[in-house]
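Residues in the sequence shown are numbered from 115 upward in steps of one, following our numbering.
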Amino acid sequence: MSIGSIATPGLEFHQTAPVAEPSPGRTNPVAIASDRHATLSHLDFPGAATFTPGRSWYVPLKRGIDLLLASVLLVLTAPFIVAGALIVKLTSRGPAFYRQVRLGKDGRPFTLFKLRTMRQDAEAGTGPVWSTENDPRITPIGHLFRRTHIDEFPQLWNVVKGEMSLVGPRPERPEFVARLDWEIPWYRERLNVQPGITGLAQLRLPADASIDSVRQKVVYDLYYVRFMTPFMDVKLLFLTAWRLFCESVKFLRRAAVLPSHEEIERGYQFTAGMSLVPVDDEPVTLSSLSETRV
């Protein structure tokens, strides 16, 4: 679908920099304000804009880099994937891996792989819906996997197969694309490049939860499509690794923290206070026991 068939003058759009240029043979400009939350202020149709990769020479090079890095990362993360799959099988009913159809480059469908983080048949009663931050369908171990992004590791196999890239717009489900393509100008132009495991929109914005949140991400995705470079990909991969490290450290710190003296005291009072007889109407505490101990 071309942009000219879905865009009309006056549509609001959020963007930080120009991301489109006239198609060959078109002379009508697309002007975008420089403010991050400004609107697409001028569309002089007839005429269409194209969101094609700005550096075509990088596309084949990007595929080679993806194949090399994804193969190495798949080997390095294999123990985590296997351990995660075993934990999923032991803690909830259903398969360890979740397979879901997504749309890739040029709208071609492919099967995306993830470690399952929701209960089995989570959409049986609702149909396809976006997940939320505190979604009750997410299993306890699923919350951990999502926070540390371990559930995304199997997608490295999608990268090796050539269905995804390490960096790019997130692939969407076909059930959502029809509606999003209708409601958001230039949405389908995201499909001009391979979808990615991580990307500019994923790092800068929260997970999709509504049409409005997707609309914001489309702006970042189109910016990436138009201006992607090896240096930008390196930065995004580094920031992704750093975020993954920070999230893992936060979890380990919370898991390693021992209960404080106050927490132990309160727990002791709750569990032992009713069974021990107070002396001189004074409550029995750990401190009092330690003071009277010979």
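For each residue, glycine too, the CB sits at the ideal point set by N, CA and C.
The three-state reading of DSSP puts Ile-195 in helix, counting H, G and I together.
Proximity to Leu-183 across Ala-197, Leu-280, Gly-381, Pro-268 peaks at Leu-280, based on C-alpha coordinates. Given a length threshold of 4 residues, the stretch 178–226 has no whole run of the alpha helix (DSSP H) inside it. The Cβ neighbour count for Val-371, taken over all protein chains shown within 10 Å, is under 16; the residue is labelled exposed. By the neighbour-count criterion, in which a residue is buried when 16 or more other Cβ atoms sit within 10 angstroms of its Cβ, Lys-275 is exposed. Note that the C-beta distance between Val-273 and Asp-335 is not below 7 Å.
When the beta-carbon positions are compared, Arg-251 and Arg-233 come within less than 7 Å of each other. The three-state secondary structure of Met-232, taken from DSSP, is strand. Per DSSP, Ser-324 is not a residue of any alpha helix (DSSP H), being assigned neither H nor E.
A Cβ-Cβ distance of about 14 Å is found for the pair Lys-203 and Pro-268, leaving them out of contact under the 8 Å criterion.
Put simply, the backbone Cα of Leu-305 is about 13 Å away from that of Phe-224. Around the CB of Glu-303, 16 or more other CB atoms lie within 10 Å, so the residue is classed as buried. Sequence-distant partners of Gly-218 (beyond 5 residues in either direction) whose C-beta falls short of 8 Å from its own C-beta, in its chain, are Phe-224, Glu-277, Met-278, Pro-285, Leu-305, Gln-308, Pro-309. A distance of 7 Å or more separates the beta carbons of Tyr-382 and Val-332. Assignment of beta-bridge partners to Ile-311 by DSSP yields no partner. Using a Cβ distance threshold of 7 Å, Ile-264 and Gly-198 count as a contacting pair. A Cβ-Cβ separation of about 6 Å places Leu-317 in contact with Leu-350 under the 8 Å criterion. In this structure, Ser-206 sits near Thr-253, with a CB-CB distance shorter than 7 Å. Here the alpha carbon of Arg-287 sits roughly 23 Å from the alpha carbon of Arg-177.
Around the beta carbon of Phe-259, a 10 Å sphere encloses 16 or more other beta carbons of the protein chains shown; the residue is thus reported as buried.
The continuous beta strand (DSSP E) containing Val-281 extends over residues 279–281. Contact check for Val-328 and Leu-294: beta-carbon distance about 6 Å, within the 8 Å limit, so the pair qualifies. Nearest in C-alpha terms to Glu-289, of all of Arg-216, Leu-270, Phe-341, Glu-377, is Arg-216. In the three-state scheme derived from DSSP, where H, G and I count as helix and E and B as strand, Ile-298 is classed as coil.
Its chain contains Val-281, Gly-282, Pro-283, Arg-284, Tyr-334, Asp-335, Tyr-338, Leu-350 as the residues whose beta carbon lies nearer than 8 Å to that of Gly-313, once the 5 sequence neighbours on both sides are disregarded; these appear in chain order.
When the five nearest sequence neighbours on each side are left out, the beta carbons in the same chain lying within less than 6 Å of the beta carbon of Ile-201 are those of Ile-255, in order along the chain.
Here Phe-365 really is in contact with Arg-261; their C-beta atoms are around 6 Å apart, less than 8 Å. Closest by C-alpha distance to Leu-188, out of Leu-270, Met-342, Pro-344, Met-346, is Leu-270.
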